[in-house]
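Reading through the structure tokens given below for one structure.
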Amino acid sequence: MRGLYIGRFQPYHLGHEAVLEAIAKDVDEIVIVIGSAQESHTKENPFTAGERMEMICSALEEADLRRRCFVVPLQDVKRNSIWVSHLMSMVPHFDLAYSNNPLVVQLFKEAGVEVRRPPMYQRDLYSGTAIRRLMLEGGDWKGLVPCKIASAIEKMGGIARMANVSRSDACRQENLEDL
Ligand code: ATP
Ligand code: MG
Numbered sequence: 001m002r003g004l005y006i007g008r009f010q011p012y013h014l015g016h017e018a019v020l021e022a023i024a025k026d027v028d029e030i031v032i033v034i035g036s037a038q039e040s041h042t043k044e045n046p047f048t049a050g051e052r053m054e055m056i057c058s059a060l061e062e063a064d065l066r067r068r069c070f071v072v073p074l075q076d077v078k079r080n081s082i083w084v085s086h087l088m089s090m091v092p093h094f095d096l097a098y099s100n101n102p103l104v105v106q107l108f109k110e111a112g113v114e115v116r117r118p119p120m121y122q123r124d125l126y127s128g129t130a131i132r133r134l135m136l137e138g139g140d141w142k143g144l145v146p147c148k149i150a151s152a153i154e155k156m157g158g159i160a161r162m163a164n165v166s167r168s169d170a171c172r173q174e175n176l177e178d179l
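Written as structure tokens, this is what we have:
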């Protein structure tokens with residue numbers, strides 16, 4: 001059996017890891033889809049699909065899940081009625097999907113795909129939005145993502161990138177963070 005799990009993974013965090021570990025008990029193989037693959041260098045989507053793929057693969061390696069997962073980037077089509085067929089044309093065959101996103105659940109159900117809804121793990125703590133906010137505010141985000149991901153983000157200058165792409169050019173700035 002093969003399950004599919006989709007997210008934007010901006011960034012991949014310990015909530016995602018907990019879901020994947022639960023899915024791995026349910027199915028033999030997992031297709032992990034990196035959604036909005038075309039997006040990067042924005043406040044909401046700081047990392048490229050390639051960076052997200054590298055981060056996810058290193059976390060999977062640590063969790064001993066790499067052998068059982070396909071990691072596939074997927075661009076948006078901005079046309080919900082054809083999204084499932086677009087997805088299916090870009091990923092390996094899967095038997096069922098896991099999601100809690102109401103739109104994703106609706107679209108899969110209409111297309112006749114079985115959907116399971118994994119439990120939420122401390123959603124107040126483990127949420128991409130909350131983690132990106134902590135990154136911008138200089139808060140403690142590192143404990144909310146796998147260690148490998150925290151060090152990859154630091155090494156690539158991810159925090160400075162987020163700070164820079166979040167600024168406006170409304171007034172002259174002397175303080176662009178080091179790239
Ligand atoms: P964002 O706030 O940027 O949307 P996110 O934490 O929701 O980030 P996504 O990449 O959108 O992360 O998530 C992919 C999938 O993982 C979604 O189905 C989402 O519901 C689920 N998910 C996110 N956080 C958790 C969590 N703490 N526990 C269980 N599932 C989660
Ligand atoms: Mg989300």
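Per the numbering used here, the very first residue in the sequence shown carries number 1; after that it's consecutive.
For glycine and all other residues, C-beta sits at the position ideal for the given N, C-alpha and C.
{"Asked": "Residues bridged to V33 by DSSP?", "Found": "I6 and V72"}
{"Asked": "Given 7 Å as the limit, tell me if M120 has its C-beta closer than that to any heavy atom belonging to the ligand ATP.", "Found": "yes"}
{"Asked": "Tell me the DSSP secondary structure of R247 in three-state form.", "Found": "A query on residue 247 cannot be resolved here, the shown segment of the chain reaching from 1 to 179 and no further."}
{"Asked": "Check the C-beta distance from M162 over to P11 and give it rounded, since I have them as a contact under 8 Å.", "Found": "Not a contact, Cβ separation roughly 10 Å."}
{"Asked": "Taking only beta-carbon atoms, is N80 less than 8 Å away from chain C?", "Found": "Note that chain C does not occur in the displayed structure, where there is just one protein chain."}
{"Asked": "Figure out for me which residue from L96, S36 and T42 has the closest Cα to the Cα of R167.", "Found": "T42"}
{"Asked": "State yes or no: is the C-beta of G143 nearer than 7 Å to some heavy atom of the ligand MG?", "Found": "no"}
{"Asked": "Going by the C-beta, is G138 closer than 7 Å to any heavy atom of the ligand GDP?", "Found": "No copy of the ligand GDP occurs in the structure displayed; its ligands are the ligand ATP and the ligand MG alone."}
{"Asked": "Between G7, R2 and M1, which has its C-alpha nearest V105's C-alpha?", "Found": "G7"}
{"Asked": "Which same chain residues, not among the five before or five after R66, have their C-beta less than 8 Å away from its C-beta?", "Found": "C57 and L60"}
{"Asked": "Keeping to the same chain, check which residues put their C-beta closer than 7 Å to that of D26; ignore five residues upstream and five downstream.", "Found": "G3"}
{"Asked": "Give the single residue among S40, W141, S99 and E29 whose Cα lies nearest to the Cα of V165.", "Found": "S40"}
{"Asked": "Per DSSP, which one or two residues make a beta bridge with E114?", "Found": "L96"}
{"Asked": "How about V72 and M90: are their beta carbons less than 8 Å apart?", "Found": "yes"}
{"Asked": "Look at the alpha carbon of K142 and the alpha carbon of I23, and state the distance between them as a whole number of angstroms.", "Found": "24 Å"}
{"Asked": "Within 7 Å: the Cβ of T48 and any heavy atom of the ligand ATP?", "Found": "no"}
{"Asked": "Among all residues, which have a Cβ less than 7 Å from at least one non-hydrogen atom of the ligand MG, and in what chain order do they fall?", "Found": "G7, R8, N101 and G128"}
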